[in-house]
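Each residue of the sequence shown is one higher than the one before, counting from 226 in our numbering.
Glycine is no exception: its CB is placed at the ideal position from the N, C-alpha and C atoms.
Just below is one structure, and these are the notes that go with it.
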Amino acid sequence: MPFEALVSGDGVECRAVYEEGGSPAVLFLHGYSFRYTVWLDSGSVEVPSSLGLAWAAPDMPYGRSTTCTSRTGSVEVNVAVALSAARLSGARELVVVGASMGGRYALYIAHAAPVRALVLVAPALGRDEKAWTLARRVRGPVLIIWGTRDRVVRRKEVEELVRIIPGARLVVLDGAGHVIHLERPEEFNSLLKEFLESTLRYQHG
């Protein structure tokens, strides 16, 4: 049964849900138009639970409908909130699952905390040159998931990410749109479970 708590970063407080368990913990970051509840609605948080892993899903200050005490696009504040949520899990390492704008912040977090792997769901980096630079420095398993009907993130953007991130794997879902985890939850959660299992095998191999 998940718990709820307040997390904070640079004076901004946000709500988060989490569950304790094994390491690595899965940190879920929602997209711009959503809140942390999207990961509950899609059933994605049940995937790490089924594997005995901890997880955390914070509401993020960058969100359009955030319930945080203030809304901000500050990278420093958003990363601080995400890491505050991650600490709730008590795990030593993270796997970060970031959707759309959350994918952009996943790259920042990969260089601010012990991150073992990344799952980038239609990652929206846009013109954030720092995020593109950080992508080139990512090490470890990276899964990128994109749908052919995505009207927010273009195919050439995800293909460029695959090109610059060493060993990144791209899964293209035919007919899926931008919010893959809600549109095709069974397929998405199956891919997530497979990736987490392979990450755990890598960890203990």
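Collapsing the DSSP output to three states places Val-396 in a strand. Classified as exposed, Glu-301 has fewer than 16 neighbouring CB atoms from the shown chains inside 10 Å of its CB. Taking all protein chains in view, the Cβ of Thr-424 is crowded by 16 or more other Cβ atoms within 10 Å, so the residue is classified as buried. In the assembly as shown, Pro-339 is an exposed residue. Its beta-carbon has fewer than 16 other beta-carbons within 10 Å. The residue among Thr-292, Asp-284, Arg-364 and Tyr-330 with its C-alpha nearest the C-alpha of Leu-345 is Tyr-330. In this structure, Arg-260 sits near Asp-284, with a CB-CB distance shorter than 8 Å. Val-383 and Leu-395 have their C-alpha atoms some 8 Å from each other.
In this structure, DSSP gives Ser-233 an extended state, which the three-state scheme calls strand.
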